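For the record, in the first sequence the residue sitting at position 116 is 115 according to numbering that gives the first Met the number 0, with numbers rising by one throughout.
Built from N, CA and C at the ideal position, the CB exists for glycine as well.
Note that this is a predicted model, so its numbers are computed, not measured.
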Amino acid sequence: MNRIFSIYRILLKRYGKQGWWPLISHKGCNPTKTGCISGYHPGDYSFPKTGSEIFEVCIGAILTQNTGWPNVEKALINLKKRRALEPEHLKRLSDGKLRELIKPAGYYNQKSKKIKLFTAFFISLNGRTPLREELLGIWGIGPETADSILLYAYKVPTFVIDAYTQRFFLKLGLIGKKMDYDDIKQVFETNLEKDLIVFQEYHALIVEHAKRYYSKKPHGKNDFLLDI
DNA sequence: AACCAGGACGTGA
DNA sequence: TCACGTCATGGT
């Protein structure tokens with residue numbers, strides 16, 4: 000019946016719970032170990048638990064723009080060592096030092112500016128959950144980053160669309176080539192129950208699946224889902 | 001050694 | 001609106 004939902008169940012069965020969003024502060028990750036790709040917490044939807052963990056997810060969402068997670072993790076660990084994953088500390092960090100710390104995540108000139116602007120906004124929230132429109136009003140926060148922040152930092156059930164999702168579901172014929180971000184988002188939100196866990200897992204599962212079959216060209220080669 | 005990554009913004013047509 | 005160019009490091 001509902002192909003959007005049945006694909007979710009198939010992906011969940013194949014890959015299991017993904018445990019997004021990863022937190023370097025989560026036990027299991029040793030910040031001194033290089034190349035540590037950890038911090039996932041499959042089956043535990045209580046994260047992030049603290050204000051600083053919420054902040055960490057937000058900064059990670061900015062750093063991962065068009066960037067692989069291993070690079071982001073290096074940058075986050077650098078920030079963590081400097082105690083700069085606390086908004087009040089990060090605010091006081093010089094722009095030059097911030098650029099240096101996040102360098103492994105690339106685009107450090109743009110991203111340092113984005114992080115500074117977001118940090119000021121985050122502090123002004125005083126713990127309140129931001130509105131999507133507020134996030135989109137910040138320079139450097141586009142629709143995907145805004146939705147990632149809402150879904151994984153603030154536990155707001157809003158669906159995240161990324162480049163992988165577009166490639167994958169275009170190939171499946173479930174979205175159109177000319178649909179924009181909000182059009183595609185609506186396809187998912189109207190075909191799924193508004194459930195935080197489903198929204199969190201589905202996006203993560205799409206990324207996991209698409210990394211395997213939609214990274215290299217031709218996109219979709221050997222994707223078993225194209226036959227179903 | 002190219003190619004790609006869990007995007008967003010600025011520009012010109 | 002929209003199709004491009006730009007931003008940058010590190011993994012495969």
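Buried or exposed by the 16-neighbour rule on C-beta atoms within 10 Å, applied to residue i
| i | result |
| --- | --- |
| G38 | buried |
| F223 | exposed |
| T118 | buried |
| T63 | buried |
| K73 | buried |
| L225 | exposed |
| P21 | buried |
Contacting residues, own chain, Cβ-Cβ under 6 angstroms from residue i (five flanking each side not counted)
| i | result |
| --- | --- |
| R82 | H88 |
| D161 | E143 |
| L195 | K154, P156 |
Sequence-distant residues of its chain with Cβ nearer than 8 angstroms to residue i (five each side left out)
| i | result |
| --- | --- |
| G15 | P41 |
| N108 | R98 |
| F4 | N190, L191 |
Contact check, residue i vs residue j, beta carbons under 8 angstroms
| i | j | result |
| --- | --- | --- |
| I53 | A152 | yes |
| L100 | L124 | no |
| I61 | K110 | yes |
| A104 | N70 | yes |
| I23 | I76 | yes |
| F158 | F121 | no |
| T189 | V155 | no |
| L134 | I148 | yes |
| M126 | G67 | The sequence as given places Gly at residue 126; Met does not occur at that position. No, these two residues do not count as a Cβ contact at 8 angstroms. |
Neighbourhood of residue i by C-beta, 7 angstroms cutoff - its chain only, sequence neighbours within 5 removed
| i | result |
| --- | --- |
| L11 | E200, L204 |
| R2 | L173 |
* Asked: For the stretch 204-212 against the stretch 165-176, are there 3 or more C-beta pairs whose distance is under 8 angstroms?
  -> Flag = yes, the stretch 204-212 and the stretch 165-176 touch.
* the stretch 130-140 contacting the stretch 183-192, beta-carbon criterion three pairs below 8 angstroms -> The stretch 130-140, when compared against the stretch 183-192, does not touch it at the 8 angstroms Cβ threshold.
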